[in-house]
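A.B. asks: Got a structure for you, questions after.
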Amino acid sequence: MITPIRHYITPAGYRTSATALFATILLSFTLGGCSKEAVDTTASAPEVTVIKIEPRDTPVVTEFVGKTASSRRVEIRSRVEGFLDRREYMEGSMVEAGDVLFEMDKKPFEAQLNAARAELAQQQARKETALINLNRIRPLAKKKAVAQKELDDADGYYRESAAAVEQSMARVVQAELDLGYCTIKTPVTGLSSYAVMREGAYIGMGDSLLTYVAQLDPMWVEFSVSENQILKHHDNIKQGIITAPADKDYVVEIVLADGSVYPHTGKITFSDASLSEATGTFLIRAELDNPEKQLRPGQFVRALIRGSIRPNAILVPKQAVQQGAKGSFVWVVDAAGKAEFRPVTVGPWHDKDWFIDTGLEAGDTVVVTGVLKLRAGVPVKITEPVAQSSADSTPNAN
Numbered sequence: 000m001i002t003p004i005r006h007y008i009t010p011a012g013y014r015t016s017a018t019a020l021f022a023t024i025l026l027s028f029t030l031g032g033c034s035k036e037a038v039d040t041t042a043s044a045p046e047v048t049v050i051k052i053e054p055r056d057t058p059v060v061t062e063f064v065g066k067t068a069s070s071r072r073v074e075i076r077s078r079v080e081g082f083l084d085r086r087e088y089m090e091g092s093m094v095e096a097g098d099v100l101f102e103m104d105k106k107p108f109e110a111q112l113n114a115a116r117a118e119l120a121q122q123q124a125r126k127e128t129a130l131i132n133l134n135r136i137r138p139l140a141k142k143k144a145v146a147q148k149e150l151d152d153a154d155g156y157y158r159e160s161a162a163a164v165e166q167s168m169a170r171v172v173q174a175e176l177d178l179g180y181c182t183i184k185t186p187v188t189g190l191s192s193y194a195v196m197r198e199g200a201y202i203g204m205g206d207s208l209l210t211y212v213a214q215l216d217p218m219w220v221e222f223s224v225s226e227n228q229i230l231k232h233h234d235n236i237k238q239g240i241i242t243a244p245a246d247k248d249y250v251v252e253i254v255l256a257d258g259s260v261y262p263h264t265g266k267i268t269f270s271d272a273s274l275s276e277a278t279g280t281f282l283i284r285a286e287l288d289n290p291e292k293q294l295r296p297g298q299f300v301r302a303l304i305r306g307s308i309r310p311n312a313i314l315v316p317k318q319a320v321q322q323g324a325k326g327s328f329v330w331v332v333d334a335a336g337k338a339e340f341r342p343v344t345v346g347p348w349h350d351k352d353w354f355i356d357t358g359l360e361a362g363d364t365v366v367v368t369g370v371l372k373l374r375a376g377v378p379v380k381i382t383e384p385v386a387q388s389s390a391d392s393t394p395n396a397n
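Its first residue numbered 0, the sequence shown is counted upward by one per residue in numbering that gives the first Met the number 0.
In structure tokens, the structure reads:
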């Protein structure tokens, strides 16, 4: 038996078959599903934070590992041989220029001085006798009462006596110096070291070192710069990537081991003319005031060299820069609000940012967070107000 097709009458009087009704219902579900899918796509756009690139002149700071050194480290040595009588200073204490540090046994040198003075008196007496004899013979020689040889002998003896007096006077001066050298003083104000020799020790010419005195104000900070760094710096200046300070007047700031910044800055005062064959580096020296004696020789510090400027620098946070198979890249939000893959050339770092040498321009919107969820052409949702690049942050470039 064939079941007849049922017909339905719409309020408007139109007939619709069951097949047509089913097709209508199926179409409505399809359209509804498409609408929901579109809504879900919009809602699932990756959320990101961004910065707006604004190039600006940025200070460049180069960091090196340095070591402090005394600006004047003096070896305190004995100038005479003899026994060390006593030490007059407290080891490790501050001493002033002219302070007595050691005393040698003076008795042998006092005896030498007395002997030199006695010899001088003897030679002076001989000189006086020779002069009297010469003055007696001269008139007789004029009258031909004595031979010319006697006059010549008397004159020669007088000259010899006068020279002997000069020699004896020099010996007295030397003996006085040797006696004075028994009192050993420091020529500089500074921090004393331990005594190398103890009381009662014999001081010879081969072991005359007694101690050191290190001048603490000013202090030196020495660090090494590689040949590649020097060449790169000069090349950057030549290309206009950075500008050097006037007269190359760089400012040196140091950071101590505990992370604190030393309150006094300094200037570079010395650059070695030749490259060290052992290390392949140039020695650079800066001088800093040290009125509070906070710095001591031998401390390791971080030396920050300031003064160079990078004009129209582009900076992005470090977390914005990603590494791929072909190098560094960032994600940029284009005018349509979609993610764009952008290769970049990264320069040195600056605080929490990277200098970008190539790949970005003023006005670019760079993604900072949420980069792991991005694909090229995917719409993104910016969750925070657009920030500027942090070129004005405290620099700490390398």
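Heads up, the beta-carbon is just placed ideally off N, CA and C, and yes, glycines get one too. Keep in mind the model is a prediction, meaning the values are calculated, not measured.
(1) Please tell me whether VAL164 and GLN122 are closer than 8 Å, where the distance is taken between their beta carbons.
(2) Looking at the structure shown, is ARG341 part of a helix, part of a strand, or coil, going by DSSP?
(3) State the beta-bridge partners of TYR211 as determined by DSSP.
(4) Look at the alpha carbon of GLU127 and the alpha carbon of GLY155, and state the distance between them as a whole number of angstroms.
(5) Short check: CB of GLY65 to CB of GLU221, under 8 Å?
(6) Count the CB pairs spanning the segment 257-270 and the segment 285-300 that are closer than 8 Å, and state whether there are at least three.
(7) Mind checking whether VAL59 and THR382 have CB atoms under 8 Å apart?
(8) Is SER167 helix, strand or coil by DSSP?
(9) With 16 as the cutoff for other CB atoms within 10 Å, does GLN398 come out buried or exposed?
(10) If I measure Cβ to Cβ from VAL345 and keep anything under 8 Å in the same chain, skipping five residues before and after, which residues do I get?
(11) Where does ASP206 fall in DSSP's three states?
(12) State yes or no: is the C-beta of GLY81 within less than 8 Å of the C-beta of ASP104?
(13) For SER92, count neighbouring Cβ atoms within 10 angstroms of its own Cβ and tell me buried if that reaches 16, exposed if not.
(14) Below 7 Å CB to CB, which residues in the same chain sit around LEU139 once its five sequence neighbours on both sides are set aside?
(15) Where does VAL300 sit, in a helix, a strand or coil, going by DSSP?
(16) Hey, how far is the Cα of GLN173 from the Cα of ALA117?
(17) Span of the beta strand (DSSP E) holding VAL356?
(18) I'd like the span of the beta strand (DSSP E) that includes PRO316, first residue to last.
(19) With DSSP run on the structure shown, which of helix, strand or coil describes GLY91?
(20) In chain order, which continuous runs of the alpha helix (DSSP H) of length 4 or greater are located wholly inside the segment 206-263?
(21) Rounded to whole angstroms, what is the Cα-Cα separation between ASP363 and LYS247?
(22) So, at 8 Å on beta carbons, what are the nonlocal neighbours of TYR193 in its own chain, with the 5 sequence-adjacent residues on each side left out?
(23) What are the boundary residues of the beta strand (DSSP E) that includes LEU282?
(24) Excluding the 5 residues preceding and the 5 following ARG125 in the sequence, name in chain order all residues of the same chain whose CB lies nearer than 6 Å to its CB.
(25) Could you check how far apart the C-beta atoms of THR67 and PRO296 are, in whole angstroms? I think they sit under 8 Å.
(26) Could you compute how far the alpha carbon of LEU400 sits from the alpha carbon of ARG71?
(27) By DSSP, does LEU130 sit in helix, in strand, or in coil?
(28) Measuring alpha carbon to alpha carbon, tell me which residue in GLU149, ALA162, ASP84 and VAL254 is nearest GLU62.
(29) Would you mind giving the Cβ-Cβ distance between ALA312 and ARG55, rounded to the nearest angstrom? I have them listed as a contact below 8 Å.
(30) Going by beta-carbon coordinates alone, are GLY330 and VAL300 separated by less than 8 Å?
(31) Mind checking whether GLU87 and GLU102 have CB atoms under 8 Å apart?
(32) Within a Cβ cutoff of 6 Å, which residues of the same chain sit near ALA335, ignoring the five residues on either side of it in sequence?
(33) Using 8 Å as the limit for Cβ to Cβ distance, is LEU83 near chain C?
(34) When burial is assigned at 16 or more other CB atoms within 10 Å of the CB, is TYR201 buried or exposed?
(35) What's the gap between the Cα of LYS469 and the Cα of SER207?
C.D. replies: Taking the geometry as given:
(1) Judged by their CB atoms, VAL164 and GLN122 are nearer to each other than the 8 Å cut-off.
(2) Residue state, collapsed to three classes: strand.
(3) According to DSSP, which records beta bridges pairwise, TYR211 is partnered with GLU74.
(4) Taking the straight line joining both Cα atoms gives about 14 Å.
(5) Taking 8 Å as the Cβ cut-off, GLY65 and GLU221 qualify as a contacting pair.
(6) Enough Cβ pairs lie closer than 8 Å, so yes.
(7) Cβ atoms of VAL59 and THR382: not closer than 8 Å.
(8) Annotated three-state conformation of SER167 is helix, per DSSP.
(9) Residue numbering for the chain in the displayed model covers 0 to 397; residue 398 lies beyond these limits and cannot be assessed.
(10) In chain order, VAL320, SER327, TRP353, PHE354, ILE355 and ASP356 place their CB closer than 8 Å to the CB of VAL345, counting only its own chain and leaving out the 5 sequence neighbours on each side.
(11) Here ASP206 sits in helix by DSSP.
(12) GLY81 is a Cβ neighbour of ASP104, given a cutoff of 8 Å.
(13) Exposed.
(14) Excluding sequence positions up to five before and after LEU139, its CB lies within less than 7 Å of the CB of VAL145, all in the same chain and listed in chain order.
(15) Strand, per DSSP.
(16) The C-alpha of GLN173 lies about 14 Å from the C-alpha of ALA117.
(17) Residue identity check: residue 356 is Asp in the sequence provided, not Val. Residues 352-357.
(18) Boundaries of the beta strand (DSSP E) around PRO316: 314-316.
(19) It is coil, neither helix nor strand.
(20) Entirely contained in the segment 206-263, the alpha helix (DSSP H) runs reaching 4 residues are, in chain order, 226-238.
(21) Going by C-alpha positions, ASP363 is about 34 Å away from LYS247.
(22) Correct list, in chain order: GLU90, GLY91 and THR210.
(23) From DSSP, the beta strand (DSSP E) with LEU282 extends over 280-287.
(24) Here the set comprises SER160.
(25) Yes, they are in contact, since the Cβ atoms of THR67 and PRO296 sit about 6 Å apart, within 8 Å.
(26) In the structure as shown, the chain starts at 0 and stops at 397, and residue 400 therefore has no counterpart that could be examined.
(27) Residue state for LEU130 is assigned as helix, using DSSP reduced to three classes.
(28) Of GLU149, ALA162, ASP84 and VAL254, the residue nearest in Cα terms is VAL254.
(29) Sure, about 7 Å apart at Cβ, within 8 Å.
(30) A small correction: the amino acid at residue 330 is Trp; Gly does not occupy that position in the sequence shown. 8 Å or more divides the Cβ of TRP330 from the Cβ of VAL300.
(31) In this structure, GLU87 places its C-beta atom within 8 Å of the C-beta atom of GLU102.
(32) Scanning its chain for C-beta atoms nearer than 6 Å, with the 5 sequence neighbours on each side dropped, one finds no residue around ALA335.
(33) Reference to chain C is not applicable here, since this structure consists of a single protein chain.
(34) Per the 10 Å Cβ criterion, exposed.
(35) Coverage of the chain is limited to positions 0 through 397, which leaves residue 469 absent and any answer about it impossible.
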